[in-house]
Structure formats: structure tokens, C-alpha cells
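Chains as they are written, first to last, in my numbering: chain A, 69 to 300; chain B, 2 to 440. The beta-carbon is built from N, C-alpha and C at its ideal position, and this holds for glycine as well. For reference, the structure discussed in these notes is given below.
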Amino acid sequence: MKPGNLKPGEVQYEFRHAIGGFFEFPTENARKLLPPHLHPVEPHHGQSVLSVMAFDFTGSSTGPYGELVLSVHVAPRIEAGRPMARAAFYPFLVGTTTRTSRESAIKLWHLPHFMHDIDIAFTTTDHDITVAAAHGGKPILDMRITDYQWEDVEHHYQAFTHDATGSYMASMQMNARFSENEEERGSIEIHAHDFTAGLDRDGVNTTPFRELWMRDGLQTFQPLETLTPGAR
Amino acid sequence: MGPESVLTKKAEEATGTPATEVPSNNEYDYSNFYYSSSDDLFAIFGPYDDWWYGSARNNGYYLFSQPMSTRPGPQIELEEQLNHKALQLLNLASYNYLGLSYHPEVIAAAKAALDHYGLGAAGSPILSGTMDLHLTLEKELAAFKKKEAVMVFPTGYSTNVGLLSALLRPGDWAIMDQNVHASIVDGVIMSKANARFFRHNKPEDLEKKLKGTSGKRLVILEGVYSMDGDTAHLPELVAIAKKAGARVMIDEAHSTFVYGKEGRGVAEHFGLEDQIDIHVGTFSKALGGQGGFVAGSQGLYNYLMGFARSRVFSCALAPAVTAGVLAALRVAQREPELRTNLWKNVAHFRGLMDAAGVDVAESTSQIIPIMIRNDRKILGIARKLQQAGLYLQPIIYPAVAKHRSRFRVSISSTHTTDQLNRAAGILVDTLRAEGVIEA
Chain A
69 MKPGNLKPGE
79 VQYEFRHAIG
89 GFFEFPTENA
99 RKLLPPHLHP
109 VEPHHGQSVL
119 SVMAFDFTGS
129 STGPYGELVL
139 SVHVAPRIEA
149 GRPMARAAFY
159 PFLVGTTTRT
169 SRESAIKLWH
179 LPHFMHDIDI
189 AFTTTDHDIT
199 VAAAHGGKPI
209 LDMRITDYQW
219 EDVEHHYQAF
229 THDATGSYMA
239 SMQMNARFSE
249 NEEERGSIEI
259 HAHDFTAGLD
269 RDGVNTTPFR
279 ELWMRDGLQT
289 FQPLETLTPG
299 AR
Chain B
2 MGPESVLTKK
12 AEEATGTPAT
22 EVPSNNEYDY
32 SNFYYSSSDD
42 LFAIFGPYDD
52 WWYGSARNNG
62 YYLFSQPMST
72 RPGPQIELEE
82 QLNHKALQLL
92 NLASYNYLGL
102 SYHPEVIAAA
112 KAALDHYGLG
122 AAGSPILSGT
132 MDLHLTLEKE
142 LAAFKKKEAV
152 MVFPTGYSTN
162 VGLLSALLRP
172 GDWAIMDQNV
182 HASIVDGVIM
192 SKANARFFRH
202 NKPEDLEKKL
212 KGTSGKRLVI
222 LEGVYSMDGD
232 TAHLPELVAI
242 AKKAGARVMI
252 DEAHSTFVYG
262 KEGRGVAEHF
272 GLEDQIDIHV
282 GTFSKALGGQ
292 GGFVAGSQGL
302 YNYLMGFARS
312 RVFSCALAPA
322 VTAGVLAALR
332 VAQREPELRT
342 NLWKNVAHFR
352 GLMDAAGVDV
362 AESTSQIIPI
372 MIRNDRKILG
382 IARKLQQAGL
392 YLQPIIYPAV
402 AKHRSRFRVS
412 ISSTHTTDQL
422 NRAAGILVDT
432 LRAEGVIEA
């Protein structure tokens, strides 16, 4: 994908790989991570969705960098006249490999960050990709994602953020080669680390019920929206 | 402007806002419309209709809920919902595993009860709705299941909801196979008990999910799982539950009257009936009727009588249905050859599928999933099957996992070999033409 013409206020990132695993984990844990105005999506009663996403960005306003995002799936906003989001997330912790990318994301999107550079390494074979994230010589997590059928897609997603200044929503469009499956062939190992301290690690399923892999794509953010108090 | 556009236009006029931008492909499904962000309960209707009329219906969702105008036998007539044409189809979609819904004795019993008792029971089972027929059915079922008591419920759904919401309390634990039926999940939700799901048929995961639980615990399994047609790994799962001191419940909706030497189900098949504390079954599958039952101890029966709200606050099962089910129960016990013929048909059809290289996953039962594993193609294939004369229901996400789309074949003892051969021929030819299996 080639960077496109941006509308005023839009921000674009280019990536080589964007991978994600969706894991069931206890809603009790999810609610502790969410602000009160957001509600977790439950694929099973009492089970919410932990999304672990890793990005290998090749182009951005701060240059190439790697990013690890831990999110809880939440109900998307459906509004007439706007594209329907495929899913919505509440990122509760983001880690990046560079200070400048971190500062930019905090300023632009109010994303909560782990305030140290982390190490992110991707290893690919023909049909799977593994991400290993670490910090200070200690592993954070290792996740393996497998592929299925590939197709070109344009997906719309929403990310909700919340800090002392207010509540926000970022709408984004992902254009990439895309593979998705629920074959339960992937895996994750979450290590004891400050980065993962918010998770009840024993409660997180070690097999993703859904695996996503995007290649050679673009992530385009629309201008951040401020949500009014009480908005859902 | 077609009817869909008119509807969208009407929605726009009503709300004063443009329609939601929904892609014209099958990118979205029911799961995208579960939540709405508005404070108006009805705000979701517009976007939902935009998706339904603008994309989903014409792309294949019309294949669901098509009205049948005949009995659910091997050959049916239904009205196709896109062009409203009557179609004569071979039927591999109904649950009528023993063909009892239209057995002459069953129909005669139901007619006689209708003449004698009238249409409805006209009351809750705990008030005026209990009739002698209900008690006879409960008594004969208890004898069949070799249990102290059986309680009859108006539907299979209300059986699980009533049972679980009656037994479990906040603080108790329900540990369930992830593939259990929605009625079990809803019963647990209604009870406000803690819920955990273990990975389908994985004893080691059940053991893991039992750890850290204490107090009253109920492990919930099914005999045959309705989407995959596989049976519970009962010996291993029951052993783990018993070792942990948990009670065990099995829902044999699809396996009662089908599995076991006497037809009592998968628990009988494995010789574990006495290890399982609560047995659930339905009348709407092998018996071809309606309703459900709980079999267990007299103490369980007594307690449910007072606390199973879905039964207490429903009208009792209609007398005609009760009489028909009672007759079907007697026929099923008297004629084990119905079960023998069902298994002969299952083996025959499975042999045809195996010979053609059709993927039927882990099924070992009369429910045979025909795995397509392509969410985009399956509705188109379903349309072609119907045009070729075969009635099969497509099963797609979110009813099953993404890319686990399949057709669910239900074999009946009343299918003839010729009907099964013709149905398999249509299926295999269509799957070959669509590139699902090799030519």
C-alpha cells in the first residue's frame, strides 16, 4: 500500500506487519481495566476479550518503530452516516521502541504508555509470525499468530482513550493484505513483568480464539474526537 | 428504487440522518449489531435494516427461516423467500431423527388428546395446568431413564433455564464446555452464579478451570454437541469433575433415544449414568415433538417444583403434544429398529461423504457437519444446493467460529437409501463445482 492523500487532521502510519491475537479473559479483570463508561464485549458470559496487537511500523511522523498494544474489546459506537466499525478497543497499555513515537502517541491520542523503550522482534515463516516483546532483559510476552486466506481489505476500527483530561475516540481505517482465522493454532505466553501487571495472567486463555495478520499496510487515523460526559 | 432503497430512505426520513455506511459484501454479521452507542433503544434498528436489506438478506440470509408447508419428513415443500416460489426439496435439515413426528400412533394419540382435553392446558403446572397425561409421561420417562423422577418442561430452552436458575446461586460455580447450548448459558446468567468455560472436550482445561473454585460447583456437558456432531469425552471429564467434588450435569438433547443400547443416551453408552447427577433431554429432536425434561433424584424433582421459574410461570405442555410425546416414547422403546436404521443410514451417508473426500470434522453422530470453511462462499453454495433440490441449513459465524462455516446434516431413520444417495449426489456435485472438494 502507498501512502494516500490525507484529509486535514488525518494521521497516517505505514506498517510491514500488524498482528493481533484475541484471547478470552475474565470480565472481572476487564472491568478493572476499563473506565466506567465503557463496557466489555463478552463472547461468552463472564469472559471478555483481551486483544494483544503488535505493529512493525516502517513509516510515521517519528520514523520507523515497533509497538505493542494491550486492549480490551468494547462496544463500538454505531452512528448513522458514518462507516460501521468492525470492532472497538480500549487500549489500556501501549509500549513502543522509541521515545519520540511514545511522546507523539500520548500527545495525539491520549494513549496510556509504558514509559520505557521496549524491545520488539518479529520472526516470520511462510505461514506464521511470532512477536517477542521484552524490556530490561526481561520478557514481556511471546505471541505466535498463524495465517489463513489472504485478501486486500479496508477495515474501520475505533479506539477509545480516557485520561485526566477527558474521554476520546479515535476512528481509524486499516488498508492492507489481511488474513484472519479462528483455527486456534496460535499461542501466547505472558510473563510476569511490570508491563503485564494489570492482567490476571492465569485467567488469560493461552490460545487465541481469533488470529489477525495484516501485511504491508496503512493505518489512517481521523482527527481525535472528544466524547461528552456520559457518552457511550 | 427497489424496496430496500425505499426502506433505507424511510429510515433516513425518520431519523433525519443519512443511512449507515455498510459495505455491500458480507463483511458484517449479527455480531456487529449487538451493541448500540445511542441512548435511544431503537437507534440500532436503522443501521440494522440498512445491513439486512442492503446486503445480508439478498446475499443469502433469506435462506434462514423459510416457511415449510409440509411435515418435516425426508421430502418437503417450502416457500423460497427471495422469489416466493414453492420448492420441492430433499430434506437433510430437520431434527426428526426417528421420524416420530408423523408416526401414525403419535398422530392418533395427539388427535385423541385434542378431542378429549382441548387445545391447551389452561394453567401453570403448579396450579391447574397439570393433567394426568403429564404425570403419566413423567412416570414412564423416569422408568425409561432409570431415575427416581422426571420433570417435564414446556420447551427444551425452558428446561435448562429453569433447572439452572433454580439450582445455582450467586457465589456458586458453573463450569461449562465452551460449546454448550445457549439455554444453558442463559440459565447460568439468570442464576447469577460464577461462570467458567473450558475448551471444548479438553479434560486438561476442565481441570485448570476447576482450580481456584470452591463451594458448590456444577460441571455441565452435552451428550452430542449440536454444531459439530461430536460426543462428549465423558469418561475423562466425569472423572475430573468427580475428583474435584463437583456435581455433573449432562444435556442429552441430541443423544437421548439415539445413543446407548436402550437409547438412554451417551451416558448409557459410556456406562456412566450413575456418575452423573442431572440428566436433561428434549422431546423436539428424536421424539419429534416439543418440550424437555430433567431426570434425577426425587429430591431434585421436589426442589424444582418450587423453584424452576420457567416452568412455574409457563403454561403446562399442551395435552395434544404431551400425548403425542408419550406415544413417541412408547414407540421408541418398542421399536429399537428405528435406532438401528438411523445408525445404518448414518454409516451409509458418512461412507458417501468419505468416498468423495468431504470434510465432516470430528462428527461421530447423526449430526454430520459438511465443512465449507469459507464464510464468504457458503451462502452462495446454499443457494445452489436449494436450486438443485436439497434443503440444508448453512451455519455461519457467529453461530460457529469464523471460517468454520458448515452445512449441518441431520440424518433420520426414515430416509431411504435412494434419498440419501440423491442428496449426497447433489451435495458432492455442488461442492465439486464450487471447488470445495476435488473433482
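For the alpha helix (DSSP H) that contains B/Gly-325, what are its first and last residues? 320 to 335
Helix or strand or just coil, what does DSSP make of B/Ser-414? coil
Name the residues in the stretch 136 to 159 of chain A whose C-beta lies less than 8 Å from a C-beta of chain B; which are they? Ala-143, Pro-144, Arg-145, Ile-146, Glu-147, Ala-148, Gly-149, Arg-150, Pro-151, Met-152 and Arg-154
Taking the continuous beta strand (DSSP E) assigned at B/Tyr-158, which residues delimit it? Not the beta strand (DSSP E): B/Tyr-158 falls in the alpha helix (DSSP H), residues 157 to 168.
Nonlocal neighbours in the same chain, by C-beta distance under 8 Å from B/Pro-236, ignoring five residues either side: Phe-271 and Leu-273
Taking 8 Å as the threshold (C-beta atoms), are B/Ala-254 and B/Gly-282 in contact? yes
Roughly how many angstroms lie between the CA atoms of A/Glu-233 and A/Pro-180, to the nearest whole one? Rather than Glu, the amino acid found at residue 233 of chain A in this sequence is Thr. Roughly 12 Å separates the two Cα atoms.
Chain B residues whose Cβ lies nearer than 8 Å to that of A/Glu-171: In chain order: nothing, as chain B lies at least about 31 Å away.
Do you know how far the Cα of A/Pro-276 is from the Cα of A/Gln-80? 28 Å
Cβ shell of B/Leu-169 (< 7 Å), same chain only, five flanking positions each side left out: Ala-175, Val-189, Ser-192, Ala-194 and Leu-219
Output the boundary residues of the beta strand (DSSP E) element that contains A/Thr-191. 187 to 192
What are the complete beta strand (DSSP E) segments, minimum 3 residues, inside the stretch 205 to 268 of chain B? 218 to 223 and 248 to 252
Proximal residues to A/Ala-189 (C-beta, below 6 Å), its chain only, five neighbours per side dropped: Ala-200
Starting from B/Val-189, trace the beta strand (DSSP E) in both directions and tell me its first and last residue. No beta strand (DSSP E) holds B/Val-189; the alpha helix (DSSP H) holding it covers 183 to 192.
Quick check: the Cα distance between B/Asn-92 and B/Ile-77, rounded to an integer number of angstroms? 6 Å
Give the residues of chain B in contact with A/Tyr-216, contact being defined as C-beta atoms less than 8 Å apart. His-404
State yes or no: is the C-beta of B/Ser-406 within less than 8 Å of the C-beta of B/Asp-231? no
In the stretch 349 to 402 of chain B, which residue ranges form an unbroken alpha helix (DSSP H) of at least 4 residues, counting only runs that do not cross its ends? 379 to 388
Is there a Cβ from chain B that is less than 8 Å from the Cβ of A/His-105? no
Residues of chain A with CB under 7 Å from B/Ile-1, in chain order? In the structure as shown, chain B starts at 2 and stops at 440, and residue 1 of chain B therefore has no counterpart that could be examined.
Buried/exposed call for B/Gly-246, threshold 16 Cβ in 10 Å: exposed
With three or more beta-carbon pairs closer than 8 Å as the criterion, would you say the stretch 115 to 128 of chain A touches the stretch 203 to 213 of chain B? no
Nearest to A/Ala-155 by alpha carbon, out of A/Pro-132, A/His-105, A/Thr-166 and A/His-223? A/His-223
Report all residues from its chain with a CB closer than 6 Å to the CB of B/Leu-115; omit the five preceding and five following residues, and keep chain order. Ala-321
Examine the Cβ distances between the stretch 343 to 361 of chain B and the stretch 410 to 419 of chain B and report whether three or more of them are shorter than 8 Å. yes
Comparing alpha-carbon positions, which option in B/Leu-393, B/Gly-119, B/Asn-303 and B/Leu-339 lies nearest B/Met-69? B/Leu-393
Classify A/Asp-231 as buried or exposed, calling it buried when 16 or more other Cβ atoms lie within 10 Å of its own Cβ. exposed
Proximal residues of chain A, C-beta to C-beta of B/Pro-48 below 9 Å: Ile-146, Glu-147, Ala-148 and Met-152
Inter-residue Cα distance where the pair is B/Glu-5 and B/Tyr-63: Below a pLDDT of 50, predicted positions are generally treated as unreliable, and B/Glu-5, at 34, falls in that range; the measurement from the model is reported next regardless. When rounded, the distance between both Cα atoms is 14 Å.
With a CB to CB cut of under 8 Å and the five nearest residues on each side skipped, what residues in its chain are close to B/Ile-427? Leu-91, Leu-386, Ala-389, Gly-390 and Leu-391
Give a yes or no on whether the minimum CB-CB distance between A/Arg-269 and chain B is below 8 Å. no
In whole angstroms, what is the alpha-carbon distance linking A/Met-240 and A/Thr-193? 28 Å
Which whole runs of the beta strand (DSSP E) in the stretch 207 to 276 of chain A are 3 residues long or more, in chain order? 219 to 231, 234 to 249 and 255 to 258
If we count the other Cβ atoms within 10 Å of its Cβ and call it buried at 16 or more, is A/Gly-271 buried or exposed? buried
Name the two residues that bound the continuous beta strand (DSSP E) containing B/Ala-296. 293 to 297
Short CB-CB distance (under 8 Å) between A/Gln-115 and chain B: yes
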